[in-house]
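Structure, as structure tokens:
In this note's numbering, the protein residues as written are 3 to 955.
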């Protein structure tokens, strides 16, 4: 086994992906301090499982990720892959190459892979156990490691020797086995504790079961007592509600009487308020007119005062403007004289500037001619020097090319020798690589033939597993639904049976007899039950039959008349109510009644719908022989005219006797019917048995499906494991085949490159010889040309110096002329700038005089207009003062009339308030009693609902 390669990406200083290939022999990494040599060793230690950031020279594991630089962004992941080859024997694996990969992300998450398959850190440690390879083994000797081992304690050095001896794995296995034994012993102790605790819980549960049974017996009695209590509370609340309804009826009558009188008082108040409101509107108008007149007088007085004040201000402004016009005229004359003098001086300066400009142009032309001559000489000098430099470069280039050609010829000979040796080595490697590639192709082809069968088996098992799981879900739903129906029906059956056992709906005396009075051992053996318990009737006729039999249904059948006499005596002595007793010896014998035709419109004869034991048939004939069941009360009334000797009973229980008595009304809830209750109990018993069987079948189906599901899940996991193993092997073979093909292609490319390079070297040798001769001839010609060019450059340099001297003298004369011209232009510009303020000041003064004259004219017009306006305002104020006096008189009269209306409104509102107070008292009383009535309704409703909820009715 040997180290083949190391791939690093994002680890410490390796920002780019870097690959180290380790060929045969010794591989060294050389570089200056800080270039990252130690980071390579850290990468090897890290990928082999190092978990200490301090050992990697960091503070935390995220520090191994490249943290960025001035030109590179930081990375979010570090990855190192270590590849070992020829490791089948050393690592006890089927692979020739094993790649170990470790990744760490910026958020702290880590990944470990063996041949691109996820694994644990422990798997990597177990893989390299006893191989001498590991994060702290002797195979990695970093800087200072040898000195540390020499100076370490004997116990620390012993670890290195144990690793080299190959016993580390055995010691680890021993340690793991001891740890498992210790863990198992702990589990056994915990099991013993759990068993003891469960035994204590069993005793506690037994006590709780006993309490629960006592609770069930007590709860059964409480349910019966609670029903009677609820009935009594219901009767009391119903009586209170009736009293409140009577009181509300009388209050409603009083309210209606007051509401009839209320509109009369309300209309009187509204009429008085309307009159007062009309008078208020009139008063408001008078006050508004009075206020308007006073405001007009005040405004006129203010306007007169303002006009007088404005007149004084305008007179002062007229006098000031006339004085300003005289001063402005004097200033304007002085400004015009200064402007004329400045214009005469400016004309003289313009003439001198023209003379100076002519002189400067002549000197400029002379300087330009000399500069042109100098430039021509300098260009000739520059061309000569450039050509000389070019010739020198040609000479240097020729010499370098000759030396390069000689060196290249020597290098080509050495390279040709190396290429021939490499060609022979590549031929041997190519034969080996092609053979390895063919071997992997054959293995992969055989392996891929097995994969489809494994996938098909896994898919078949998966489909079967899904089908069974679906069946399991359906079975669970069916079992849940069956259990729900079973619970509902059994609960209903329990309630009905408890009602029957407790004698619910029976009279007090009847219940006492059924319980055995004060001597159950004597009385109960002689009882045969109620007469109603011996009858059967369809549900649609049950109410009609019960109404026809009436109190006979609660008749208790006893053994003989002596027992009947004893029961009656005990009822009387114990004051336990009354009961109907029917001795069996008193039962009449059936005589067989004559079947009569069913009248038109009737439903049936009562005797025809009743099923009873033969010994009670005679009694039924006497009780029901002349009873006819009809659909409704109207039918009974019609048929009575034709059959006055019959009794008629409707399906709702209303009865019409031959004597003309009609009995009807509500008799309670649906559970009060004895016959219906008995029919429902019989139906529920059958249905509960059926639902119990269905629930057992569903539970058995669930057990079967769960067993099959468990079996298929195990088969599916096994199929997935087999398929995964083959896929991993297939992926490994494909990777090895790719490597083999890549290796073969690489070698073939190297062979072609080697051949092309040998042919290229042969052509280069002939080209280099011809090129050397041509370069030596060119070098001789270039040296002769360089000598001639250097002589021409010296002559041109002398002429250029003379031309520069003449040009400088002309430039100095031109500068003097330009200076004199600039002085004259500056004087001209200064004179022109002085004229502009003068002209602007003259215009401003003229405009100011015109504006002041306009203001004088406007002020005189305003004074005249204000005098006329004051005269008009004085006349208008006299007229307003007369109107104000008249309005004050009218306002006093209206105020007196308003006080009379106010007294009438107060009297009408007092009468209305008294009636409204009476109405409010009645409404408050009605509201209180309605609230009380609503509370009673809610209490009744809650009582019924809570009773039905407690007893699940």
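Just so you know, even glycine gets a beta-carbon here, dropped at the ideal spot from N, CA and C.
- The continuous alpha helix (DSSP H) containing residue 544 extends over residues 541-551.
- The C-beta separation of residue 714 from residue 463 comes to about 6 Å, placing the pair in contact by the 8 Å criterion.
- Linking residue 260 to residue 253 through their CA atoms gives a straight-line distance of about 11 Å.
- Secondary structure of residue 707 (DSSP, three-state): helix.
- For residue 514, the closest alpha carbon among the candidates 537, 487, 572, 553 is that of 572.
- Distance check between residue 935 and each of 288, 239, 92, 131 places 239 closest, using alpha-carbon atoms only.
- Here residue 935 is not bridged, per DSSP, to any residue.
- Here the alpha carbon of residue 895 sits roughly 35 Å from the alpha carbon of residue 917.
- CA-CA distance, residue 358 to residue 366, rounds to 13 Å.
- By the Cβ-count criterion, residue 622 is buried, with 16 or more other Cβ atoms from all chains shown falling within 10 Å of its own Cβ.
- In the three-state reduction of the DSSP assignment, residue 629 falls in the strand class, which pools E and B.
- For residue 692, the secondary structure class from DSSP, reduced to helix, strand or coil, is helix.
- Here the C-alpha atom of residue 637 lies approximately 24 Å from the C-alpha atom of residue 624.
- The criterion of a C-beta distance shorter than 7 Å is not satisfied by residue 641 and residue 585.
- According to DSSP, residue 106 shares a beta bridge with 80, 112.
- Note that the C-beta distance between residue 629 and residue 539 is not below 7 Å.
- A straight-line Cα-Cα distance of about 54 Å links residue 752 and residue 386.
- Rounded to the nearest whole angstrom, the CA to CA distance from residue 732 to residue 118 is 13 Å.
- Counting along the chain, no alpha helix (DSSP H) covers residue 661, and no H or E run does either.
- Per the coordinates, the alpha-carbon of residue 299 lies some 55 Å from the alpha-carbon of residue 335.
- Residue state for residue 521 is assigned as coil, using DSSP reduced to three classes.
- Residue 123: member of the alpha helix (DSSP H) spanning 123-129, first to last residue.
- Within the region 6-38, the complete beta strand (DSSP E) runs of at least 3 residues fall at 20-23.
- Ranked by Cα distance from residue 719, the first of 460, 208, 422, 578 is 460.
- Residue 100 places its beta carbon 7 Å or farther from that of residue 13.
- Judged by DSSP secondary structure, residue 530 falls within the beta strand (DSSP E) whose first and last residues are 529-532.
- When the alpha-carbon of residue 647 is set against those of 663, 521, 92, 654, the nearest one is in 663.
- Contact between the region 292-308 and the region 884-899 is established, with three or more Cβ pairs separated by less than 8 Å.
- Per DSSP, the unbroken beta strand (DSSP E) holding residue 651 starts and ends at 649-652.
- Under the three-state reduction of DSSP, residue 135 is assigned to coil, being neither helix nor strand.
- In the three-state reduction of the DSSP assignment, residue 509 falls in the coil class.
- Taking every protein chain shown into account, the CB of residue 286 has fewer than 16 other CB atoms within 10 angstroms, so this residue is exposed.
- Here residue 421 is near residue 759, since their CB atoms are less than 7 Å apart.
- Relative to residue 487, the option among 690, 645, 305 whose CA is nearest is 690.
- Contact between the region 704-712 and the region 402-422 is absent, with fewer than three C-beta pairs closer than 8 Å.
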